[in-house]
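Enquirer: Sending over a structure as structure tokens; questions will come in a sec.
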Amino acid sequence: MDRVKTVKKASVALIKPIKKITRKMGNRISEENPEAAVPEKRLSDRDIALANVEHEKRLSFIKAWEDSEKTKAQNKAQKKLAELDSWENSKKASVEAKLKEIEEDYEKKKAEYAEKMKNMVAQIHKQAEEKRAIVQARRGEDVLEVQEKAAKYRATGYAPKKFLGCFPS
Numbered sequence: 024m025d026r027v028k029t030v031k032k033a034s035v036a037l038i039k040p041i042k043k044i045t046r047k048m049g050n051r052i053s054e055e056n057p058e059a060a061v062p063e064k065r066l067s068d069r070d071i072a073l074a075n076v077e078h079e080k081r082l083s084f085i086k087a088w089e090d091s092e093k094t095k096a097q098n099k100a101q102k103k104l105a106e107l108d109s110w111e112n113s114k115k116a117s118v119e120a121k122l123k124e125i126e127e128d129y130e131k132k133k134a135e136y137a138e139k140m141k142n143m144v145a146q147i148h149k150q151a152e153e154k155r156a157i158v159q160a161r162r163g164e165d166v167l168e169v170q171e172k173a174a175k176y177r178a179t180g181y182a183p184k185k186f187l188g189c190f191p192s
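Take a look at the structure:
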């Protein structure tokens with residue numbers, strides 16, 4: 024929790040330029056005691072180094088915060104994309120299932136219609152066979168009738184009145 028507060032403070036806080044810090048530290052050198060200037064200068068160098076470290080620390084916190092926020096944004100986008108892919112796949116599956124159902128119904132109706140057509144062909148064939156049988160029976164009857172008439176004509180000795188239909192007798 025402290026790190027989060029520190030990162031937030033670091034992101035909000037203004038970064039002081041290092042030049043301003045060195046100027047302020049440079050004013051500490053006293054003109055009264057030139058010997059004291061050396062320790063003051065060392066102290067100011069130390070303060071400058073500490074300020075630089077503090078500045079680098081702030082920059083690293085800002086960089087960490089920036090990376091963290093970028094990662095959050097990427098993860099959020101990735102999650103949304105995954106949800107979108109899932110939604111798309113479920114909708115596709117639904118449509119494909121509906122299409123498959125329609126195709127199955129079509130195949131079923133096609134099979135039923137083919138069965139009806141086969142039944143109709145069988146019925147037509149049956150009717151044709153019945154008509155052939157009737158024609159064959161009638162032909163047999165006609166041949167028998169002609170044979171009976173021919174036998175009658177032979178027995179009586181009379182010739183038929185019509186011979187070959189086109190020649191009058």
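In the working numbering, the protein residues as written are 24 to 192. Yeah, the Cβ is synthetic: ideal placement off N, Cα and C, and Gly gets one too.
Would DSSP call G163 helix, strand or coil?
Expert: Indexing the sequence shown from 1 puts residue 163 at position 140. Reduced to three states, the DSSP call for G163 is helix.
Enquirer: Determine the direct distance from the alpha carbon of M143 to that of K121, and round the result to whole angstroms.
Expert: Stepping through the sequence shown from its first residue, residue 121 is reached at position 98. Stepping through the sequence shown from its first residue, residue 143 is reached at position 120. Each residue's Cα considered, the two are about 32 Å apart.
Enquirer: Just mark S117 as buried or exposed, buried being the case when its beta carbon has 16 or more other beta carbons within 10 Å.
Expert: Mapped onto the sequence shown, residue 117 falls at position 94. Result: exposed.
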